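Enquirer:
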Amino acid sequence: MSTIDRLRDIVRGSATRPVAVRELTYEPVGSDGLPMDRCGVPAFRGASAVDTPFGPVVTIDHAFEGDWPFLGISPAECEVVAPGALSTLTGRQVTPRPSRRASPVFLDLETTGLSGGAGTVAFLVGCGFYEDGAFRTRQFFLNGYAVERALLHLVAEFLAEAPFIVTYNGRTFDVPVMEMRWQFHRIPPPLDDLPHVDMLPPARRLWREAEDGADRSCRLVALEEVLLGYARQGDVPGWEIPQRYFDYVRWGDPAPLEPVLLHNRLDLVSLAAITARAQRLVDEGAGAARDACECVALGRIYRRAGLLDRAETCFRQASTVFGGQRAVREDAFHELATLLRRQRRFADAAQAWRDLLALGHDRSRAARDAIQALAVHHEHRERNLQHARDLARRALRAEQDPGRRDDLRHRLARIQRKLEALAPDGTAQPVLIDAPEGGD
């Protein structure tokens, strides 16, 4: 039967003979075009070969004990994993899967492309975990495209024993890359029912804002320096990593890949240490915050999780105890007043707004919100229309947004009508709605 006849039968659904399924394989070739044997174990420290039904896979094992890079924190201190704290951090319920291994697996890939896509291959799958007071890494290395199926099979077996995984930006990069490769090789993805904690969003919520108001980089190498006191020296840049692997595939020299292995191991240990730092912060509360900015960010995380008492403690401590920069204290008072108002604790919220204004800056967004909130409070709750009018005029002088200025003009007009209704003899002082920017 010809190929075209077989295709016609398949389309009609009446194929008479089954078509054999052939696996896609790769055979590396040398400069002479002949297949090369690239299945040996590269000369990496800690490397060995693990047999699988699809061929041997190179793994590299390392244990961080004496060479733990971070000061003031040990592997044993980081080993405690608190699913409740991770649930608070991520906003997702983290329920570890029953497993003989207590530690989660920290996962990080090095790939042949930085933007993903169908042609992107993970040539190094780095896995980290705690065991016996040390942080250990196991890296699965693709020493040739022909062994990708074997590598994916071994990684799937390893992750099947994990209670959950922790990544950094894994939801948008690492996990989709791995799932795509498993599907290409018709291997059931082991991550479908495996709990996953992506630490990038919590890290951004906690540490993106610096005390000077600037946005801090949340790359792992940047957070290492800020939070853990460790600055990498001579680290291989990420954009260079794919080319180093392509050179290895072409020429067979493993030496340029040694810095890539180290880079991956440091990413894993940094991820583990930063995860421990974040969950300890959530467990211990405001007292564990290192500055006012971190304390405000922690309060927002508590508020998002519905832990309002702990959120209030963070906002109060950030506004009074740390004595940080004015902008950070304003932010803390703003968050505190908003939280109290939503709980209908209006008198307490009004005091927080007053404390914010006592910092002495009417032009900031937080201060403008405070003035308007107090105007509303005095108009509708305190029934002090004179004070409400003064505050509304103050807000109008400070406000720059045209829409908000229109709202304030309407408020002033309404307050004036109320005052005139209370003084029908015309003794109510008229309000100058379009007050000049510099004064009454």
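Take 2 as the starting number for the sequence shown in this note's numbering and just add one per residue. Beta carbons are placed, not taken as given, at the ideal position from N, Cα and C, and that holds for glycine. The structure presented is a predicted model; accordingly, all values stated were derived computationally and were not measured.
1) Measure the beta-carbon distance from R139 to T60 and round it to whole angstroms, keeping in mind my assumption that it falls under 8 Å.
2) Report the option in A396, A86, L386, D407 whose CA atom is closest to the CA atom of A422.
3) For F334, I'd like the list of residues in its chain whose CB is within less than 8 Å of its CB, leaving aside the five on either flank, ordered along the chain.
4) Need the endpoints of the beta strand (DSSP E) that H388 sits in, please.
5) State the CB to CB distance for the pair F107 and A273, rounded to an integer number of angstroms; the pair is presumed to be in contact (CB under 8 Å).
6) Whole beta strand (DSSP E) runs in the region 351 to 386 with 3 or more residues, listed along the chain?
7) If contact is defined by three or more beta carbon pairs under 8 Å, each pair taking one atom from either stretch, is the region 166 to 178 in contact with the region 189 to 201?
8) Can you look up L108 in the DSSP assignment and give me helix, strand or coil?
9) List the endpoints of the continuous beta strand (DSSP E) containing C128.
10) Keeping to the same chain, check which residues put their C-beta closer than 6 Å to that of T314; ignore five residues upstream and five downstream.
11) Could you tell me the boundaries of the alpha helix (DSSP H) in which R182 lies?
12) Restricting to runs no shorter than 4 residues, where is the alpha helix (DSSP H) found entirely within the region 235 to 310?
13) Q280: which of A50, A123, E78 sits nearest, CA to CA?
14) Just the C-alpha distance for T4 and G120, rounded to the nearest angstrom, thanks.
15) Decide if the region 82 to 96 is in contact with the region 109 to 116; the criterion is three or more beta carbon pairs, one per stretch, under 8 Å apart.
16) Given a cut-off of 8 Å on the beta-carbon distance, is the pair L392 and A414 in contact?
17) I161 lies in the beta strand (DSSP E); which residues open and close that run?
18) Looking at the ligand PLP, does it come within less than 7 Å of R281, judged from the CB to the closest heavy atom?
19) When the Cα atoms are used, what is the spatial distance from M181 to A399?
20) Do you know offhand how far F65's Cα is from Q401's?
21) Please tell me whether G134 and D109 are closer than 8 Å, where the distance is taken between their beta carbons.
22) Could you give the distance in angstroms between the alpha-carbon of E129 and the alpha-carbon of R364?
23) Consult DSSP for R209 and reduce its assignment to one of helix, strand or coil.
24) According to the Cβ coordinates, are A289 and L282 closer than 8 Å?
25) So for R172, helix, strand or coil by DSSP?
26) What did DSSP end up calling I188 once you bin it into helix, strand or coil?
27) How would you write the range of the alpha helix (DSSP H) that Q140 sits in, first residue to last?
28) Going by C-alpha distance, which of V297, L308, S75 is nearest Q318?
29) Secondary structure at T60, three-state DSSP: helix, strand or coil?
30) Measuring only the C-alpha atoms, how far is V22 from F185?
31) Please report the distance separating the alpha-carbon of L262 from that of A48.
Expert: In short, the structure shows the following:
1) 6 Å
2) Of the candidates A396, A86, L386, D407, the one whose C-alpha sits nearest the C-alpha of A422 is L386.
3) F316, S320, A353, W354, D356, L357, L360, A367, A371
4) Counting along the chain, H388 falls outside any beta strand (DSSP E), though it belongs to the alpha helix (DSSP H) covering 386 to 399.
5) 5 Å
6) Fully enclosed beta strand (DSSP E) runs of no fewer than 3 residues are not present anywhere in the region 351 to 386.
7) yes
8) The answer is strand: DSSP assigns L108 an E or B state.
9) 123 to 132 is the extent of the beta strand (DSSP E) around C128.
10) A287
11) 176 to 185
12) 242 to 252, 259 to 285, 293 to 305
13) E78
14) 28 Å
15) no
16) Against a cut-off of 8 Å, the Cβ pair of A414 and L392 comes out as no contact.
17) Residue identity differs from the one stated: residue 161 is Ala in this sequence, not Ile. Looking at the DSSP string, A161 is not in any beta strand (DSSP E), and its letter there is neither H nor E.
18) For the ligand PLP, the structure offers nothing, since it holds no ligand at all.
19) 54 Å
20) 55 Å
21) no
22) A quick correction: the sequence has Gly, not Glu, at residue 129. When rounded, the distance between both Cα atoms is 49 Å.
23) coil
24) yes
25) Helix, per DSSP.
26) coil
27) Per DSSP, Q140 belongs to no alpha helix (DSSP H); it is in the beta strand (DSSP E), 135 to 142.
28) V297
29) Annotated three-state conformation of T60 is strand, per DSSP.
30) Confidence at V22 is low in this model, with a pLDDT of 49, below 50, so its placement is unreliable and the value that follows should be read with caution. One C-alpha to the other measures close to 14 Å.
31) 11 Å
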